[in-house]
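These protein sequence lines map, in sequence, to chains D and Y.
All residue numbers for the first sequence refer to this note's numbering, where the first residue is 3 and numbers rise by one.
All residue numbers for the second sequence refer to this note's numbering, where the first residue is 3 and numbers rise by one.
Yeah, the Cβ is synthetic: ideal placement off N, Cα and C, and Gly gets one too.
Please read the structure below before turning to the comments.
2 protein chains.
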Amino acid sequence: MSNPTAQITARKFEQDSPAGAGVGAPSARTIVKRGPTRAVYERETINAILDEAIICHVGFVYQDSPRVIPCVFARSGDVLYLHGSTANRMLRSIAAGEVCITVTLVDGLVLARSAFHHSVNYRSVVIYGRGEAVTDPVEKDEALRLTLEHAIPGRWGDVRPPNRKETLRTLVVRVPLDEASAKIRVGDPVDEDEDHALECWAGVIPLHCAPQPPVDDGLLRAGIAAPDYALAYRRPVQRD
Amino acid sequence: MSNPTAQITARKFEQDSPAGAGVGAPSARTIVKRGPTRAVYERETINAILDEAIICHVGFVYQDSPRVIPCVFARSGDVLYLHGSTANRMLRSIAAGEVCITVTLVDGLVLARSAFHHSVNYRSVVIYGRGEAVTDPVEKDEALRLTLEHAIPGRWGDVRPPNRKETLRTLVVRVPLDEASAKIRVGDPVDEDEDHALECWAGVIPLHCAPQPPVDDGLLRAGIAAPDYALAYRRPVQRD
């Protein structure tokens, strides 16, 4: 608890040497110093956040400057996949260098009695690592399948898979999940004792990602109905 | 249109020297090379995206490594404000260095007939600049007010404002919006001509940020009702 409205800024990185600690044990870089009671290193929690999110934000250094690009992704076990055009500078940059991938789910706004203690309920994951281009064609195909299934589970079987030309134009980059941490804030505002006497409402406004009914493509042929996975789309995905 | 599911990766940065071009004219760094028909440099469009978003992702370089942290923010005219604890390394870093701030609104999933042409409808803004600590106490107070009002319009008048101790513990950083660009994808999938013959549904699953009814703080005093700005909370904010 430290500042108005932005508990979400609280992740810190006091130390720097990327220790070899895996998920489950924080590295010097992933150890959360600000609001450490919010830090989570368990793989199950990290995976659940990654699997619910639709996009990530990819940070990299390009000629000494920071860059942050939104991107779809997929997770497979201990690996995260990004992909794009072979001409994509971000991918070419992280395929040979360091990357920081951040996934954030905003769950609610936390309204305290003081401006200072306003906050956000959220779940986030930060991954540090080095990207690596996927050259094995089987892994590459699977990464593209997983990416589509990550965004829209059930979709892959209905569509034309990538042909050779499309695959050749696509660069897939693998990032290991060895160095990842989650940070989570849940629940009520935490006010100063004396502020509870104020005539001020306090509580949480929950925020959800709400899918709407699917909209047919303008060129859709007559007689083709939207599939169940589009009609009943939701995050997080319901898994049997 | 280039690759499966990830048109959103398409922002590119072929050139590097940060030219002095303001909003309305792309700089060498903000000019969008991939999918350039999606690029927007008009200030009105950029502002609307910034004003709708609740959080941004702040990228910076710390000891040669990229870092990306989610953060609340506020916009005031040509300036964006970030804030947090005076102990916050991100803020201390960007108060004296380069930053890339990215805001992304995901509007829908675009389901094409081929895996390759799946995409995301989105609106994003990328800002490049150098942060600067706000030392003027009037500007600092106003930045904190604007940040709360950005997240929850109408809230500031109901809460206890920051006291001297809280303000002293808070660092506010100003980032100019001189070098910003937006990128937007809207509408239907764009399939290969021959794929229109497939027996495959195509279209868009729209996604919205859906606020839920406010939840009272467990310590709320009896007889205090949730205010209208919480009951009717929505993004984008309705402005008269």
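(message) Counting only beta-carbon separations shorter than 7 Å, does Cys102(Y) have a partner in chain D?
(response) Chain D, which has a Cβ nearer than 7 Å to the Cβ of Cys102(Y), makes this yes.
(message) For chain Y, check one thing: does any of its Cβ atoms lie closer than 7 Å to the Cβ of Tyr235(D)?
(response) Chain Y contact via Cβ: present.
(message) Please state whether the Cβ-Cβ distance between Pro238(Y) and Ile207(D) is less than 7 Å.
(response) Cβ distance not < 7 Å, so Pro238(Y) and Ile207(D) don't count as in contact.
(message) One question on the structure: do Val74(Y) and Gly61(Y) come within less than 7 Å of each other, judged by their Cβ atoms?
(response) Note that the C-beta distance between Val74(Y) and Gly61(Y) is not below 7 Å.
(message) Please identify the residue among Arg115(D), Tyr43(D), Cys58(D), Tyr130(D) whose C-alpha is closest to the C-alpha of Glu201(D).
(response) Minimum Cα-Cα distance from Glu201(D) among the listed residues Arg115(D), Tyr43(D), Cys58(D), Tyr130(D) corresponds to Arg115(D).
(request) Can you have a look at Asn165(Y) and say buried or exposed, based on whether 16 or more other CB atoms are within 10 angstroms of its CB? (result) When all chains shown are included, Asn165(Y) counts as exposed.
(request) Name, please, each residue of chain D whose Cβ falls closer than 8 Å to the Cβ of Thr106(Y). (result) Those are Ile57, His59, Pro72, listed as they occur along chain D.
(request) Please go through the same chain and pick out, in chain order, the residues whose beta-carbon is closer than 8 Å to the beta-carbon of Ser87(Y), but skip the five residues on each side of it. (result) Correct list, in chain order: Leu93, Arg171, Thr172, Leu173.
(request) Verify the CB distance criterion: does Asp160(Y) have a CB-CB separation below 7 Å to chain D? (result) Chain D, which has a Cβ nearer than 7 Å to the Cβ of Asp160(Y), makes this yes.
(request) Identify which residue in Leu222(Y), Leu209(Y), His59(Y), Gly220(Y) has its Cα closest to the Cα of Val127(Y). (result) Closest by alpha carbon: His59(Y).
(request) Would you verify that the beta carbon of Leu111(D) is, or is not, closer than 7 Å to some beta carbon of chain Y? (result) Yes, Leu111(D) lies at the interface with chain Y (some Cβ there is under 7 Å from its Cβ).
(request) In angstroms with no decimal places, state the Cα-to-Cα distance between Glu100(Y) and Leu84(Y). (result) Inter-residue distance for Glu100(Y) and Leu84(Y) is about 14 Å (C-alpha atoms, whole angstroms).
(message) Let me check understanding here. Comparing Cα to Cα, which of Trp158(Y), Thr169(Y), Arg77(Y), Leu146(Y) lies closest to Glu54(Y)?
(response) Of the candidates Trp158(Y), Thr169(Y), Arg77(Y), Leu146(Y), the one whose C-alpha sits nearest the C-alpha of Glu54(Y) is Arg77(Y).
(message) With DSSP as the reference, identify every bridge partner of Pro213(Y), one or two as the case may be.
(response) Beta-bridge partners assigned by DSSP to Pro213(Y): Leu209(D).
(request) Pull up the distance between the alpha-carbon of Tyr64(D) and that of Ile103(Y), whole angstroms please. (result) Going from the Cα of Tyr64(D) to the Cα of Ile103(Y) covers about 15 Å.
(request) Find the nearest neighbour of Tyr124(Y) within the set Ala199(Y), Ala228(Y), Ala232(Y), Leu52(Y), judged by alpha-carbon distance. (result) That would be Leu52(Y), whose Cα lies nearest to the Cα of Tyr124(Y).
(request) Mind listing, in chain order, the continuous beta strand (DSSP E) runs of no fewer than 3 residues lying wholly within the region 120-153 of chain D? (result) The region 120-153 of chain D contains these whole beta strand (DSSP E) runs: 121-132.
(message) Just to confirm my understanding: we take Val105(D), look at its own chain, exclude 5 residues before and 5 after, and list those with CB closer than 7 Å. What are they?
(response) Correct list, in chain order: Ile51, Leu52, Ala55, Cys58, Ser126, Val127.
(request) Please list the partners that Ser126(D) has in chain Y, where partner means a Cβ-to-Cβ separation under 7 Å. (result) By Cβ distance, chain Y contributes Pro72.
(message) Which of the three DSSP states is assigned to Ile103(Y) in this structure?
(response) If DSSP states are grouped into helix, strand and coil, Ile103(Y) belongs with the strands.
(request) Would you kindly work out how many angstroms separate the C-alpha atoms of Ala234(D) and Glu194(Y), rounded to a whole number? (result) Computed Cα separation, rounded: 27 Å.
(message) Relative to the C-alpha of Trp203(D), which candidate in Pro191(Y), Asp219(Y), Cys211(Y) has its C-alpha closest?
(response) When C-alpha distances from Trp203(D) are compared across Pro191(Y), Asp219(Y), Cys211(Y), the shortest belongs to Asp219(Y).
(request) Select from the region 41-53 of chain Y all residues with a C-beta closer than 8 Å to any C-beta belonging to chain D, and list them in chain order. (result) Of all residues in the region 41-53 of chain Y, none has a Cβ within less than 8 Å of some Cβ in chain D.
(request) To the nearest angstrom, report how far apart Arg40(D) and Asp143(D) are at their CA atoms. (result) Arg40(D) and Asp143(D) have their C-alpha atoms roughly 37 Å apart.
(request) State the Cα-Cα distance for the pair Ile226(D) and Leu107(Y), rounded to the nearest angstrom. (result) Distance between the alpha carbons of Ile226(D) and Leu107(Y): 30 Å.
(message) Counting only Cβ pairs nearer than 7 Å, list the residues of chain D close to Ile154(Y).
(response) Going along chain D in sequence order, the residues near Ile154(Y) (Cβ under 7 Å) are Leu111, Leu113.
(request) Measure the Cβ-Cβ separation of Val42(D) and Ala184(D) and say whether it is below 7 Å. (result) If you check the CB distance, Val42(D) and Ala184(D) come in under 7 Å.
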